[in-house]
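Protein sequence lines, in the order shown, are assigned to chains A and B.
Here the first sequence stands for residues 1 to 243, where the numbers follow the working numbering.
Here the second sequence stands for residues 1001 to 1243, where the numbers follow the working numbering.
Heads up, the beta-carbon is just placed ideally off N, CA and C, and yes, glycines get one too.
Protein chains: 2
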Amino acid sequence: MTAAAPYDPSAYEPFAVTVDLAVLTVRAAALHVLLIRRGQEPYAGAWALPGGFLLPRESAEEAARRELAEETGLPEFLVDGVHLEQVRTYSDPDRDPRMRVVSVAFAALVPDLPEPVAGGDAAQARWVPLAEAEAAALAFDHDRILADAREQVRARLEYTCLATGFCPPEFTLGELQAVYETVWDTGLDRPNFRRKVLATPGFVQAVPGGARLTGGRGKPAALYRAGAATALHPPLLRPESPQ
Amino acid sequence: MTAAAPYDPSAYEPFAVTVDLAVLTVRAAALHVLLIRRGQEPYAGAWALPGGFLLPRESAEEAARRELAEETGLPEFLVDGVHLEQVRTYSDPDRDPRMRVVSVAFAALVPDLPEPVAGGDAAQARWVPLAEAEAAALAFDHDRILADAREQVRARLEYTCLATGFCPPEFTLGELQAVYETVWDTGLDRPNFRRKVLATPGFVQAVPGGARLTGGRGKPAALYRAGAATALHPPLLRPESPQ
DNA sequence: CCAAAAGTGTTGACAATACACCCATGA
DNA sequence: TCATGGGTGTATTGTCAACACTTTTGG
């Protein structure tokens, strides 16, 4: 608030504040999301997004990063560098049957990695193809959160450089293109994609001596690192009709 | 959250949850924001964004609309139709010196209107030019919220149809163009702007018999209503270098 | 030598800009 | 009839998509 209203906390119902995470990755030419199997009611046995309560001296961003480390078993260096993005805040009074819970949702973009070990308090953590996750009924309003996160990532790929968040620290332009093609479920022309990326200052920066084989054969591809830029002007528009 | 963690609310500090509103309008060729003079500590006498606590059975969106009506003295028909957009959620533990307050920020786009009457609990409400508001030190972290809201609106004008939110129910293309020029602080070519808007299906729809004089003289302009579309494909990109 | 993947060049279609011009109205 | 703002036409300029082609590797 923070306006001129009377300020008696006890006059207001206490709220629990949590974060929910849509941890996304590109794996085997499909978007995947990290889901956790719930161990207790409500929604026991159902899949849910990882998340948890804010600690007393913690911002939502800090809580998101902590939960990412605690619940998902992702390696620490990755948690530190991961791209976290607020999606929106969900505050429907009935979104949790037990009490009033307001949740700040984040999308986290991570490169493809080995199956996470369910660490700490999480029962089971698993990478689930997004199509499968959207078909299933997730706990609480997590269907909605996941759909919003997916749509936000799809849209922001056009105007921002965040696609590099799906790539390892050093990547080829082919890998970056595969990210776009997977997230948008469309095909892109390689020469044109290449030109557009390289023409945007600060999107990627070449690794001087770097080269790597990708498919086993073929010419080794030059390696790039994510650049300093965060916005993408002009944008990389997705084609209207796929393929 | 909503994961498998133990669920004892008393184990967690109680949070207050509020909404803060950046109510924006275009007036006299400048973006203005609605500010409220604080009547009590902390930040007594300082200007702040309107806002307030969530009620027990209310979502953040509902609270935002209610506060808009209560605090700003805007006419009711306008509050019902206003375009509200979540900006992000601010959760720094020290953002309010008295207690832990998590705030969901919204941007509200309204057409130009007569000076609001400070209604109800609000001490004073006033339209302040954005440049002036950004130069002043607002209460709490409202500087930051306002900057984020402004940047979000600037960016979303490119990719969405929300510019019509700054216009009255029926408007001319000249007025719509003035919105873009004001928000972006740039000049646009009238014929080209016109074509782009009309070429985007669902952006605006012509009012059959409508025509209105704008500057007192000149040819009366055709009237348009906001269309059904919400996205803008292809986008209306702002020029890199103004003027 | 062939397949596969990276990287370069070229062309033509289309879109956007810039700007000239006409129209309708008030003073 | 002039100033002002709305609306239309058009040529030039870029930009982007499409696709042919070369390069470098493994088998």
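Check	Outcome
Closer than 7 angstroms to chain A by CB, Phe1015(B)	yes
DSSP-derived helix/strand/coil call for Thr18(A)	strand
Within chain A, partners of Ala1060(B) - CB distance below 7 angstroms	Thr89, Ser91
Straight-line gap, Lys1219(B) to Ala1226(B) (C-alpha atoms, nearest Å)	22 angstroms
Sequence-distant residues of the same chain with beta carbon closer than 7 angstroms to Pro1169(B), five excluded per side	Arg1225
Positions along the region 218–237 of chain A whose CB lies within less than 8 angstroms of some CB in chain B	His233, Pro234, Pro235, Leu237
Proximity test, Cβ basis, 7 angstroms: Arg126(A) and chain B	no
Extent of the continuous beta strand (DSSP E) to which Ala1105(B) belongs	1101–1109
Meets three-Cβ-pair contact criterion under 8 angstroms: the region 1135–1151 of chain B and the region 1039–1052 of chain B	yes
Residue-chain proximity (Arg194(A), chain B), Cβ-Cβ < 7 angstroms	no
Reduced DSSP category for Tyr1159(B) - H, G, I as helix; E, B as strand; rest coil	helix
C-beta contact flag for Ala1155(B) and Ala1022(B) at 7 angstroms	no
Residue-chain proximity (Gln86(A), chain B), Cβ-Cβ < 7 angstroms	yes
Sequence-distant residues of the same chain with beta carbon closer than 8 angstroms to Pro1191(B), five excluded per side	none
Contacting positions in the region 174–187 of chain A - beta carbon closer than 8 angstroms to chain B	none
Where Val104(A) meets chain B, residues with beta-carbon distance less than 9 angstroms	Arg1088, Thr1089, Ser1091, Val1102, Val1104
Simplified DSSP state of Arg1057(B), which is helix, strand or coil	coil
DSSP-derived helix/strand/coil call for Leu138(A)	coil
Cβ-based burial, Thr1018(B) [other Cβ within 10 Å; buried from 16]	buried
Chain A contact residues for Arg1027(B), given Cβ-Cβ distances below 9 angstroms	None at all; the shortest Cβ gap to chain A is about 23 angstroms.
Rounded straight-line distance, which links the Cα of Ala1139(B) to that of Glu70(A)	36 angstroms
Chain-ordered chain A contacts of Leu1035(B) [CB-CB under 8 angstroms]	Chain A residues near Leu1035(B): none, gap ~11 angstroms exceeds 8 angstroms.
Supposed contact pair Thr89(A) and Gln1086(B) - C-beta distance, whole angstroms, cut 8 angstroms	7 angstroms
Spatial distance of Ala231(A) from Val179(A) (CA atoms)	17 angstroms
Whole-number beta carbon distance between Val82(A) and Val110(A), since they are thought to touch under 8 angstroms	6 angstroms
Nonlocal neighbours in the same chain, by C-beta distance under 8 angstroms from Ala122(A), ignoring five residues either side	Unreliable positioning characterises Ala122(A) in this predicted model, as indicated by a pLDDT of 49, which lies under 50. The coordinate reading is nonetheless provided below. Here the set comprises Ile36, Pro50, Glu70, Glu71, Thr72, Gly73.
Residue environment, Ala125(A), which counts as buried when at least 16 other CB atoms sit within 10 Å	buried
Beta-carbon proximity of Asp1112(B) to Arg1195(B), cut-off 7 angstroms	no
Closest by C-alpha distance to Ala1221(B), when choosing among Asp1020(B), Ala1229(B), Ala1206(B), Arg1065(B)	Ala1206(B)
CB-CB length for Gly1174(B) against Thr1214(B), believed under 8 angstroms	6 angstroms
Distance CB(Arg229(A))-CB(Gly187(A)) smaller than 7 angstroms	According to the sequence shown, residue 229(A) is Ala rather than Arg. Not a contact, by the Cβ cut-off of 7 angstroms.
Pairwise C-alpha distance: Met99(A) and Arg1057(B)	11 angstroms
Neighbouring residues, chain A, relative to Arg1144(B) (Cβ below 7 angstroms)	Those do not exist, as Arg1144(B) stays about 13 angstroms from chain A at its closest Cβ, beyond 7 angstroms.
Amino acids of chain A, ordered along the chain, whose beta-carbon sits closer than 9 angstroms to that of Arg1156(B)	By Cβ distance, chain A contributes nothing, its closest Cβ being about 10 angstroms from Arg1156(B), past 9 angstroms.
is_contact[Arg1057(B), chain A] using C-beta, thresh 7 angstroms	yes
6 angstroms Cβ shell around Thr164(A) - same chain, five flanking residues per side excluded	Ala226
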